[in-house]
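Q: A single structure is presented below for examination.
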Amino acid sequence: MRFLLRPAWLALITTVTLFVIACYALLAPWQFGREAQRDAEQHTLDAASAIPPAPLAQVLPTGGVAAAVDWRQVTVTGTYLPEAEGVVRLRVYDGKPAFEVLTPFRATDGRVVAIDRGFVTAENGAVVPPYPAPPTGEVTISARLRLDKTDPDHRAEFYADGHRQLYVTDSRTLAAATGLPIAEGYLALADGQPGVLNSLPVEPAAAQSAAPFTNFSYALQWLTFGAIAVFALVYFVRLEMLQRRSTSGAMPRRSARQVDRAAFRRELSGEDDDRPDAS
């Protein structure tokens with residue numbers, strides 16, 4: 141087994157060990173966690189959908205959207221504030237580049253909330269396409285409460301092509317850009333409501349990127365890959381040991397066969413090593 145101390149074998153063993161650790165300690169648990177997160181989000185959505193729509197002031201008497209009311213259906217009456225509107229860039233829906241439209245809405249009780257009116261697709265992903273303005277005057281809308289998204293890169297909003305542009309659906313960023321006292325969180329407008337464009341899918345974000353049990357199957361694949369790596373290493377070590385044993389024991393057998401063949405050839409030729417010399 142001393143051959144395992146050779147540099148090539150040490151490198152192979154180290155590589156396999158690190159790969160197995162990554163599979164069992166990082167990659168598989170990560171995918172299991174994604175699956176658990178998906179299940180938790182789906183449970184929250186199902187529970188919220190089972191509750192009939194209620195007035196916003198009843199669900200949220202004060203403050204912004206909290207995790208306990210995420211996905212809750214609410215109704216609210218007020219007016220849109222299109223002059224403070226923003227678009228969320230770098231969205232993808234139905235496989236096409238898109239923009240979400242985030243419009244402040246002043247409720248009759250004076251509260252200002254952000255309304256996600258849905259998305260508009262763009263032929264050129266970098267240019268905001270034309271889209272209908274929200275209705276004027278007082279309207280009553282039905283929507284789902286949603287938590288603000290957070291940009292991990294903390295990119296600031298900017299103004300281009302006649303639109304205030306954001307990188308994530310975040311009422312806090314819109315409030316800072318417009319100076320309006322917008323409550324935290326936003327309302328995703330339901331299909332058929334006043335001001336809606338293309339309504340957003342009513343499903344957890346994780347479900348939009350993969351089918352059910354996808355992450356679970358990925359986790360099982362990583363566990364399988366780790367097991368295969370261990371099996372392959374053991375197989376190649378065993379194969380090397382057998383080859384070394386075969387090589388060390390084959391030389392005497394080859395020499396004996398050579399002697400037997402020589403004797404057989406002499407016998408066929410009629411030679412006799414024991415006959416007396418002719419002289």
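Using this note's numbering, the letters of the sequence shown correspond one by one to residues 141 to 419. Each residue gets a CB set at the ideal place from its N, CA and C atoms; glycine is no exception.
For the 8 Å Cβ check, are there 3 or more pairs between the region 289-305 and the region 221-228?
A: The answer is yes - the region 221-228 touches the region 289-305, with three or more Cβ pairs under 8 Å.
Q: What's the gap between the Cα of residue 240 and the Cα of residue 379?
A: Spanning the two alpha carbons is a distance of roughly 60 Å.
Q: Quick one: Cα of residue 222 to Cα of residue 324, how far?
A: Approximately 18 Å between the Cα atoms of the pair.
Q: Select from 357, 200, 174 the residue whose C-alpha is nearest the C-alpha of residue 215.
A: The option with the nearest alpha carbon to residue 215 is 200.
Q: Tell me which same chain residues have a C-beta within less than 6 Å of the C-beta of residue 321, skipping the five on either side of it?
A: Cβ neighbours of residue 321 beyond the five flanking positions: 252.
Q: For a quick check, are the C-beta atoms of residue 274 and residue 335 less than 8 Å apart?
A: It is a contact, given that the beta carbons lie within the stated cut-off.
Q: For the alpha helix (DSSP H) holding residue 175, just list the boundary residues, first then last.
A: From DSSP, the alpha helix (DSSP H) with residue 175 extends over 168-189.
Q: Going by other Cβ atoms of all chains shown within 10 Å of its Cβ, with 16 needed for buried, is residue 375 buried or exposed?
A: Exposed, by the Cβ-count rule.
Q: Quick one: what's got a C-beta closer than 8 Å to residue 148's C-beta in the same chain, skipping five residues either side?
A: Excluding sequence neighbours, residue 148 sits near nothing in its chain.
Q: How big is the Cα-Cα spacing for residue 259 and residue 246?
A: Their backbone Cα atoms lie some 21 Å apart in a straight line.
Q: If we count the other Cβ atoms within 10 Å of its Cβ and call it buried at 16 or more, is residue 310 buried or exposed?
A: Answer is buried; the Cβ neighbour count reaches 16.
Q: Return the residue from the list 313, 364, 272 that minimises the CA-CA distance to residue 289.
A: Ranking the options by Cα distance to residue 289, first place goes to 313.
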